[in-house]
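Before any comments, here is the structure.
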Ligand SMILES: Cc1ncc(COP(=O)(O)O)c(C=O)c1O
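Residue numbers (my numbering): 19 to 449.
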């Protein structure tokens, strides 16, 4: 199977990528990978839950799953050195997309681990004053759960409410930070309502009070420009599978000053300067690096296209059925996010009526747990409005034709559901 120099024969022939509409086939000499099944005929509109792997990312990864299997921490021979070089390049690409330095990048298994490392690692390594954490109530569970664990361990943890638009209340944050030094953790964009926080202003406030600022930018990296040093972010979390990279990889990007305070949570062979032990997954690193490289060049045009598509979808629904309202700020929002409340419609029933559309009621975690969304509750929606809310996520591979089909299917289903409701009302009111 292996050719000389550790290269698989497989990787020598360039792959052919055929994008045949919904069927994406990557052909190689002896095999064929289907990235989506045509027979399902589903339109994928759940890009905040996860993104498909970009074929360019897949292509970059293949050699490192086969011939180039060296251990990057064992660089005394060619196998190890090539793996090490690939990881080094990936670090540069990851650092570049967030305006950081390659040495700031700590590779993790995903955003969950990165958030845990930031919060628990800093709580453990904090020096001087007692550790305090300030965050907001609409954070992802991978921030809120470690925060709850820290609170039950006796640390001072403050979870602030957000304003109705889903934005941080800066005055309240200011007051809270004047009580003493803290780590502030606020996600750059919310995974459910897609609301973008004023990151640079939050960072400025933190630094004025001598506090550290961590942002979970899993939903933001590759979608909206970020500049860690320019914006004053001390620690930043990102995730591969939210940015057209593979699942099972992410990173905590941390400035030298914050790394000095960080206690490792994964102990072992001392890799990554002792901050996160374990052999780094080379193919996943290469995939994440390529995902960042692609996004760096395409983010701007993609953002404009998705903003247009979102307006087109919302406009079509408004014209056809009306009563569709943004959840959270309409302006400060990820380009592809359409979290909306549809008056008079039960979201679960709606989703069941459009099996050809992959959309969700809320975040991937909340949807599978069956609990009403704490994010929508936090921005002041009533229980009925929460039951009527769906999250539609548009992304890189969404086409205008898909947007139009989705609008059409949704409008038909909404019309039918409202009609059913009004018939039921008439029957209860009638004799
Ligand atoms: C904002 C945010 N943070 C963290 C995570 C967890 O990411 P991962 O699956 O990489 O652990 C997600 C994914 O759902 C997310 O949307």
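Every residue, glycine too, gets a C-beta built ideally from N, C-alpha and C.
Predicted, not measured: the structure shown is a model, and the values here were computed from it.
task = Please report the residue range of the beta strand (DSSP E) in which residue 350 lies.
result = Translated into the one-based positions of the chain shown, residue 350 becomes position 332. First-last for residue 350: undefined, no H or E at that position.
What whole-angstrom Cβ distance do residue 432 and residue 339 have, given they're in contact under 8 Å?
The residue labelled residue 432 in the question sits at position 414 within the chain shown. The residue labelled residue 339 in the question sits at position 321 within the chain shown. Residue 432 to residue 339, Cβ: 5 Å. Contact.
Open item on the list: Just verifying my parser: in three-state terms, what is the DSSP assignment at residue 268?
Closed with: The residue given as residue 268 occupies position 250 in the chain shown. Note: residue 268 maps to strand in three-state DSSP.
| message | Strictly under 9 Å for the Cβ-Cβ distance: is residue 225 near chain C by that measure? | response | The question asks about chain C, but that chain is absent: this structure has only one protein chain.
C-alpha gap between residue 106 and residue 119, whole angstroms: The count along the chain shown starts at 1 and reaches residue 106 at position 88. The count along the chain shown starts at 1 and reaches residue 119 at position 101. As the crow flies, the alpha-carbon of residue 106 is around 11 Å from that of residue 119.
- Going straight from the alpha carbon of residue 217 to that of residue 314, what length do you get? As a first step, residue 217 must be located in the chain shown, where it is residue number 199. As a first step, residue 314 must be located in the chain shown, where it is residue number 296. Straight-line measurement puts the Cα of residue 314 at about 19 Å from the Cα of residue 217.
DSSP state of residue 249, grouped into three classes?
Looking up residue 249 in the chain shown gives position 231. Residue 249 falls in the helix class under three-state DSSP.
- Task: Tell whether a beta-carbon distance below 9 Å holds between residue 296 and residue 128.
- Result: Taking the first residue of the chain shown as position 1, residue 296 is located at position 278. Taking the first residue of the chain shown as position 1, residue 128 is located at position 110. No, the Cβ-Cβ distance between residue 296 and residue 128 is not below 9 Å.
Inter-residue Cα distance where the pair is residue 254 and residue 143: On the chain shown, position 236 is the one that residue 254 refers to. On the chain shown, position 125 is the one that residue 143 refers to. Cα to Cα, residue 254 sits roughly 17 Å from residue 143.
| request: Could you say which of 371, 273, 351 lies nearest to residue 435 if we only look at CA atoms? | output: Your numbering for residue 435 matches position 417 in the chain shown. Of the candidates 371, 273, 351, the residue whose Cα lies closest to the Cα of residue 435 is 371.
- Mind checking who residue 365 pairs with in its DSSP beta bridge? Your numbering for residue 365 matches position 347 in the chain shown. DSSP output for residue 365 lists no bridge partner at all.
**Message:** With distance defined between alpha-carbon atoms, name the residue in 390, 299, 430 nearest to residue 90.
**Reply:** Within the chain shown, residue 90 is the residue found at index 72, counting from 1. When only C-alpha atoms are compared, the closest one is 299.
* To do: Provide the residue span of the alpha helix (DSSP H) that contains residue 300, from first to last.
  => Here the question's residue 300 lines up with position 282 in the chain shown. For residue 300, the uninterrupted alpha helix (DSSP H) segment begins and ends at 300 to 338.
Task: Range covered by the alpha helix (DSSP H) that runs through residue 130 - done: Start at 1 with the first residue of the chain shown, and residue 130 comes out as number 112. Note, residue 130: alpha helix (DSSP H), 129 to 143.
Quick check: what's the CA-CA separation for residue 214 versus residue 145? Position 196 of the chain shown holds residue 214. Position 127 of the chain shown holds residue 145. For the pair residue 214 and residue 145, the Cα-to-Cα distance works out to about 31 Å.
query: Do the CB positions of residue 301 and residue 83 come within less than 9 Å of each other?
result: In the chain shown, residue 301 corresponds to position 283, counting from 1. In the chain shown, residue 83 corresponds to position 65, counting from 1. Yes, these two residues count as a Cβ contact at 9 Å.
task = Pick out whichever of 311, 150, 321, 282 has its Cα sitting closest to the Cα of residue 412.
result = Numbered from 1 along the chain shown, position 394 holds the residue referred to as residue 412. For the residues 311, 150, 321, 282, the minimum Cα distance to residue 412 belongs to 321.
Margin query: Please classify residue 229 as buried or exposed, where buried requires at least 16 other C-beta atoms within 10 Å of its C-beta.
Written below: Residue numbering aside, residue 229 sits at position 211 when the chain shown is read from its first letter. It is buried - the Cβ of residue 229 has at least 16 other Cβ atoms within 10 Å.
- Task: Inspect the CB distances between the segment 392 to 407 and the segment 373 to 380 and report whether three or more fall short of 8 Å.
- Result: Judged by Cβ distances under 8 Å, the segment 392 to 407 makes contact with the segment 373 to 380, as three or more pairs qualify.
task: Given a cut-off of 9 Å, decide if residue 316 and residue 61 are closer than it, judged by their beta-carbon atoms.
output: As a position in the chain shown, residue 61 is number 43, starting the count at 1. As a position in the chain shown, residue 316 is number 298, starting the count at 1. Note that the C-beta distance between residue 61 and residue 316 is not below 9 Å.
* To do: Starting from the Cα of residue 117, find the closest Cα among 231, 63, 272, 158 and give me that residue.
  => On the chain shown, position 99 is the one that residue 117 refers to. Comparing Cα positions, the closest option is 272.
### Query
Can you find a heavy atom of ligand 1 that lies under 8 Å from the Cβ of residue 364?
As a first step, residue 364 is located in the chain shown; it is residue number 346 there, counting from the start. No, the Cβ of residue 364 stays beyond 8 Å of every heavy atom of ligand 1.
Check: If you run the structure through DSSP and keep just helix, strand and coil, what is residue 191?
Finding: Walking along the chain shown from the start, residue 191 turns up at place 173. Under the three-state reduction of DSSP output, residue 191 falls in the helix class.
Check whether the segment 280 to 295 and the segment 237 to 246 are in contact - that is, three or more C-beta pairs closer than 8 Å.
The segment 280 to 295 vs the segment 237 to 246: no contact.
- Task: Throw me the rounded Cβ distance for the residue 88 and residue 147 pair, which I believe falls under 8 Å.
- Result: Numbered from its first residue, the chain shown carries residue 88 at position 70. Numbered from its first residue, the chain shown carries residue 147 at position 129. Incorrect: roughly 45 Å between the Cβ atoms, too far for contact.
Alpha helix (DSSP H) runs contained entirely in the segment 411 to 447, provided each spans 4 or more residues
Counting whole runs of 4 or more residues, the segment 411 to 447 contains the alpha helix (DSSP H) stretches 418 to 447.
Q | Option in 169, 257, 200, 310 with minimal Cα separation from residue 66 | A | Looking up residue 66 in the chain shown gives position 48. Its Cα nearest to that of residue 66, the residue 257 stands out among 169, 257, 200, 310.
Notebook entry, point to check: Buried or exposed: which applies to residue 238, given that a residue is buried once 16 or more other Cβ atoms fall within 10 Å of its Cβ?
Noted result: For the purposes of this step, residue 238 is taken as residue 220 along the chain shown, with counting starting at 1. Residue 238 is buried by the Cβ-count criterion.
**Study point:** Rounded C-alpha distance that separates residue 430 from residue 368
**Key:** By one-based count along the chain shown, residue 430 stands at place 412. By one-based count along the chain shown, residue 368 stands at place 350. Going by C-alpha positions, residue 430 is about 10 Å away from residue 368.
- Query: Would the beta-carbon of residue 133 be found less than 8 Å away from any heavy atom of ligand 1?
  - Reply: As a working mapping, residue 133 is identified with position 115 in the chain shown. Remark: the C-beta of residue 133 is in contact range of ligand 1, defined as less than 8 Å to any heavy atom.
For residue 182, which residues from the same chain have a beta carbon less than 8 Å from its beta carbon, with the 5 sequence-adjacent residues on both sides left out? Along the chain shown, read from residue 1 onward, the residue named residue 182 stands at position 164. Correct list, in chain order: 397, 398.
Can you list, in chain order, the residues of its chain whose CB lies under 6 Å from that of residue 101, leaving out five sequence neighbours each side?
To locate residue 101, count along the chain shown from 1; it is residue 83. Non-local C-beta neighbours of residue 101 in its own chain, meaning closer than 6 Å and more than five positions away in sequence, comprise 88, 90, 300, ordered along the chain.
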